[in-house]
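Accompanying notes for the structure given below.
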Amino acid sequence: MPVLEVPGAGLSYRRTGSGPTLLLIPGAGGSGLAFVRVAKRLAAHYSVVRYARRGFSRSHLDQPPDRGSRLAADADDAAGLIEHLGGRPAAVLGESSGALVALELLTRHPDSVRTVVPFEPPAMRLLPDAQQWIDIFDRVHDTYHHHGMRSALKLFRERTFAESDRKAMRRGVWLQLVTPSIRASFAHWLDYELRQYPATPLDLTALRAHRAKIIPAVGRESRGYPCYRATAELARQLDLPIAEFPGGHLAHITEPAAFARSLVRTLASTL
Numbered sequence: 006m007p008v009l010e011v012p013g014a015g016l017s018y019r020r021t022g023s024g025p026t027l028l029l030i031p032g033a034g035g036s037g038l039a040f041v042r043v044a045k046r047l048a049a050h051y052s053v054v055r056y057a058r059r060g061f062s063r064s065h066l067d068q069p070p071d072r073g074s075r076l077a078a079d080a081d082d083a084a085g086l087i088e089h090l091g092g093r094p095a096a097v098l099g100e101s102s103g104a105l106v107a108l109e110l111l112t113r114h115p116d117s118v119r120t121v122v123p124f125e126p127p128a129m130r131l132l133p134d135a136q137q138w139i140d141i142f143d144r145v146h147d148t149y150h151h152h153g154m155r156s157a158l159k160l161f162r163e164r165t166f167a168e169s170d171r172k173a174m175r176r177g178v179w180l181q182l183v184t185p186s187i188r189a190s191f192a193h194w195l196d197y198e199l200r201q202y203p204a205t206p207l208d209l210t211a212l213r214a215h216r217a218k219i220i221p222a223v224g225r226e227s228r229g230y231p232c233y234r235a236t237a238e239l240a241r242q243l244d245l246p247i248a249e250f251p252g253g254h255l256a257h258i259t260e261p262a263a264f265a266r267s268l269v270r271t272l273a274s275t276l
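Just remember that the numbering used here sits 5 ahead of the position in the sequence shown, which is counted from 1.
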C-alpha cells in the first residue's frame, strides 16, 4: 500500500473504484481494514479511499503523539490525503471516533469537504450524563493497565453498545487481537484516544456555519445507547435530520451490503 508522508507521520492508504472521491475514516483501532467489505460495494459508485490513521496499523509515527493535538492532527492528515489524491472537495464518512475526526476536518478544512456523514460520533460532551460516560472510559483505561486488554475491551463492549454489536464483538468481528499489529493498534487507541476524543467539545459554532454539508447518521439498533444519543443531540443542535442505517454501531462490519446501500442513498443528492 502507498504511504503519504505528513508532518510527524506516514499514512498508509488504498484507493479503489472510480467516480467522486469518498474518504472513509475509521474509528477504534484506526485501521482501514474495518472498511474492506463495505469499500468493495462502494467502489461501484465512488473512488473510495480507506486508510489507517496516524499511529495505527501501517501508518507510522515519527515522534511520540501529542495528546493535546491528536484530533487536530488527524483532521489535518485527512485534509492532506484528500489534497494529495486530487479529490477535494470530497465526501467523507467517519465512523465512531473517526466521525469526530470527520467533524474536525470540516471545522478546520471546510473547503476539503463536500459532504460529511458522521456515523455515531461519541461526542459525549453533548449529553446531559456526559461525565458518567467520561468516567466509564477512564475505568476502561484503568482496567487495561491493571487487568489487560481483553478485560478492558469487554468492559467497554458491555457498557457502551447494543446487544447486536456486543454479539458481533464476542464472535470476534471487532476484537481480532491475534496479531501483534492489531494489538498494538488497540493499545494505541486505549492510551491516546478512548478517553481524549469523547471528552473533547465540538465547535458547534463552526459546524453550524457548515451545517449544509453535514448528514448525521446512526444505526437503528443503537437507539438508546450513547453514540446514537450523542448523534441525535448533535442533529438537534444543528437543526438537521438524522439518516438511520440498518444495524448498529458496527453496521459497516456486520451488514456491509445494507450499510453501503444506505450510504449511497444518503449521498445521492449531494454528489
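By construction, the Cβ of each residue, glycine as well, lies at the ideal position given by its N, Cα and C atoms.
- In the DSSP annotation of this structure, the continuous segment of the alpha helix (DSSP H) that includes residue 47 starts and ends at 41-47.
- One thing to note: residue 76 has its Cβ no nearer than 8 angstroms to the Cβ of residue 56.
- Considered as a whole, the stretch 168-226 harbours 168-175, 185-197, 209-214 as its complete alpha helix (DSSP H) runs of no fewer than 4 residues, in chain order.
- When the Cα atoms are used, residue 95 and residue 234 turn out to be separated by approximately 27 angstroms.
- With at least 16 other beta carbons inside 10 angstroms of its own, residue 254 counts as buried.
- With contacts defined as CB atoms closer than 8 angstroms, residue 106 and residue 220 fail to qualify as a contacting pair.
- Here residue 123 carries a strand assignment [DSSP, helix/strand/coil].
- Taking a 10 Å sphere around the C-beta of residue 112, we find 16 or more other C-beta atoms and assign the residue as buried.
- For residue 245, same chain residues with a beta-carbon under 7 angstroms away, outside a window of 5 residues either side, are 216, 219, 221 in chain order.
- Looking at the DSSP output, residue 27 shares a beta bridge with 53, 96.
- With a threshold of 16 other beta carbon atoms within 10 Å, residue 147 falls short and is exposed.
- Judged by DSSP in its simplified three-state form, residue 17 adopts strand.
- Inter-residue distance for residue 124 and residue 34 is about 16 angstroms (C-alpha atoms, whole angstroms).
- Note on geometry: alpha-carbon atoms of residue 14 and residue 66 lie some 4 angstroms from one another.
- Distance between residue 20 and residue 269, taken at the CA atoms: about 18 angstroms.
- Each of 159, 116, 62 was checked against the Cα of residue 176, and the nearest Cα belongs to 159.
- Looking at 53, 42, 61, the one whose alpha-carbon comes closest to that of residue 195 is 61.
- When secondary structure is reduced to three states using DSSP, residue 260 falls in the coil class, being assigned neither helix nor strand.
- Here residue 262 is exposed, its C-beta having fewer than 16 other C-beta atoms within 10 Å.
- Distance from the Cα of residue 258 is smallest, within the candidate group 39, 23, 30, 17, for 39.
- With respect to the C-alpha of residue 46, the residue from 83, 267, 274 having the closest C-alpha is 267.
- When the five nearest sequence neighbours on each side are left out, the beta carbons in the same chain lying within less than 7 angstroms of the beta carbon of residue 260 are those of 251, 252, in order along the chain.
- Under the three-state reduction of DSSP output, residue 158 falls in the helix class.
- In this structure, residue 133 keeps its C-beta atom at 8 angstroms or more from the C-beta atom of residue 203.
- Straight through space, the alpha carbons of residue 157 and residue 163 are spaced by roughly 10 angstroms.
- Under the three-state reduction of DSSP output, residue 235 falls in the helix class.
- Nearest in C-alpha terms to residue 214, of all of 12, 42, 89, 116, is 116.
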